[in-house]
Amino acid sequence: MTYDEKLARFNEHIEDGGKVETNDWMPDDYRRGVLKFVEMHANSEIMGALPERECLPIAPSLRRKMSLAAKIQDEVGHAQLLYRVAEDLGKSRDTMFHDLVTGRSKFHNVFHYPVRHWGDVAIIGWLIDGAALVTQAALRDSSYAPYARVLKRICAEEQLHLRHGEHITMELSAGTDEQRAMFQEALDRWWLPIIHFFGPRSNVAKDLLLRWKVKTRTNEDLRQEFLDRYVPKILELGYTFPTPVPYRDADDYLVRDEDIDWEPLNDIKKNQGPETERRLTWRRDIYETHRWVRDAMAEPAVHAA
Ligand SMILES: [Fe+2]
Ligand SMILES: [Fe+2]
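If you read the sequence shown in this note's numbering, its first letter stands for residue 32, the second for the next number, and so on.
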């Protein structure tokens, strides 16, 4: 079969809702696209562990500290699962890690921002994990089967993260004026990055990952689901929104495209976010500090001698 014949058959398979396994034939663009997408997801999980780790010392009780530590551990585990999926597509884990810490690859926008107090832990657990769950739940139907399988497990754990975040939010919201002010202040800082999290409107004609059903829904569709699910809850708790302020239209809560300032996201895409440099340096330092563990695992006989 010629390349074009294989491609036509592949397209037909995808069109019929077929799945793709690691050893199946796939177009080079499909392999490259999935690899980059899963690598970015893995990077985001491991970088996402850092902001919350910064909050561990300020946990208000031992119970909260334990649940936050467990969540952080889960996120690192998600990265491990995802790096494995990406690795099978032809890029070694070492190269992926090197590309991450040298700023050659990307991680999600929300992890480029600072954390200031316990209100941030509520926002990250409830709204950022909530946003991630909306996107990841949709990806469980991805055409790339190994990714879809791993996401089933990840989503189950993300549900627990959501509960953890929701619980902290409820506690702050039912607390003192100072506690409510903490949540509001964090919401004011995080709202725009959360809107950015889903990305700008998808270009359906050009987006190969959408065409090949690696991604199953457009960015704006996912953002809309998030807004409809969370805006009413936030309003019910008595908080207000900074720009872009959502408004109600029949059953939907919408934000106007012209109200979204994309400039901060454009900086982050160039790895120039407020905390990018510091967090990447931290991640690089951890990588170096732990080098002896990797060396020992790679050459057990030498070290045992
Ligand atoms: Fe995660
Ligand atoms: Fe999570």
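Glycine included, each C-beta is placed from N, C-alpha and C at the ideal position. Given the structure is predicted, the values throughout are model-derived calculations rather than measurements.
Starting from residue i, trace the beta strand (DSSP E) in both directions and tell me its first and last residue.
i, result
"residue 279", "278 to 280"
"residue 283", "283 to 285"
Is it true that the CB of residue j sits closer than 7 angstroms to the CB of residue i?
i, j, result
"residue 258", "residue 278", "no"
"residue 79", "residue 142", "yes"
"residue 165", "residue 83", "no"
"residue 112", "residue 62", "no"
"residue 60", "residue 239", "yes"
"residue 196", "residue 151", "no"
"residue 275", "residue 291", "yes"
"residue 176", "residue 306", "no"
"residue 73", "residue 117", "yes"
"residue 69", "residue 318", "no"
"residue 90", "residue 99", "yes"
Ligand 1 and residue i: does the residue's C-beta get closer than 6 angstroms to at least one heavy atom of that ligand?
i, result
"residue 109", "yes"
"residue 106", "yes"
"residue 306", "no"
"residue 43", "no"
"residue 319", "no"
"residue 330", "no"
"residue 76", "yes"
For ligand 2, is there any heavy atom lying closer than 6 angstroms to the beta carbon of residue i?
i, result
"residue 72", "no"
"residue 160", "yes"
"residue 192", "yes"
"residue 85", "no"
"residue 197", "no"
"residue 52", "no"
"residue 256", "no"
"residue 189", "yes"
May I ask which residues mark the beginning and end of the alpha helix (DSSP H) holding residue i?
i, result
"residue 192", "176 to 204"
"residue 165", "160 to 170"
"residue 267", "250 to 267"
"residue 302", "From DSSP, residue 302 is part of no alpha helix (DSSP H); its letter is neither H nor E."
"residue 32", "Where residue 32 is concerned, there is no enclosing alpha helix (DSSP H), given that its DSSP letter is neither H nor E."
"residue 155", "From DSSP, residue 155 is part of no alpha helix (DSSP H); its letter is neither H nor E."
"residue 224", "208 to 228"
"residue 329", "322 to 329"
"residue 242", "239 to 242"
Measure how close the beta-carbons of residue i and residue j come, nearest whole angstrom, since I'm counting them as under 8 angstroms.
i, j, result
"residue 174", "residue 243", "6 angstroms"
"residue 178", "residue 65", "7 angstroms"
"residue 189", "residue 163", "6 angstroms"
"residue 271", "residue 170", "At roughly 32 angstroms, the Cβ-Cβ gap does not stay under 8 angstroms, so residue 271 and residue 170 are not in contact."
"residue 204", "residue 211", "6 angstroms"
"residue 140", "residue 296", "6 angstroms"
Q.
At 4 residues or longer, what runs of the alpha helix (DSSP H) sit wholly inside the region 53 to 94?
A. 59 to 86
Q.
Give the list of continuous alpha helix (DSSP H) stretches no shorter than 4 residues that lie fully inside the region 99 to 142.
A. 124 to 132
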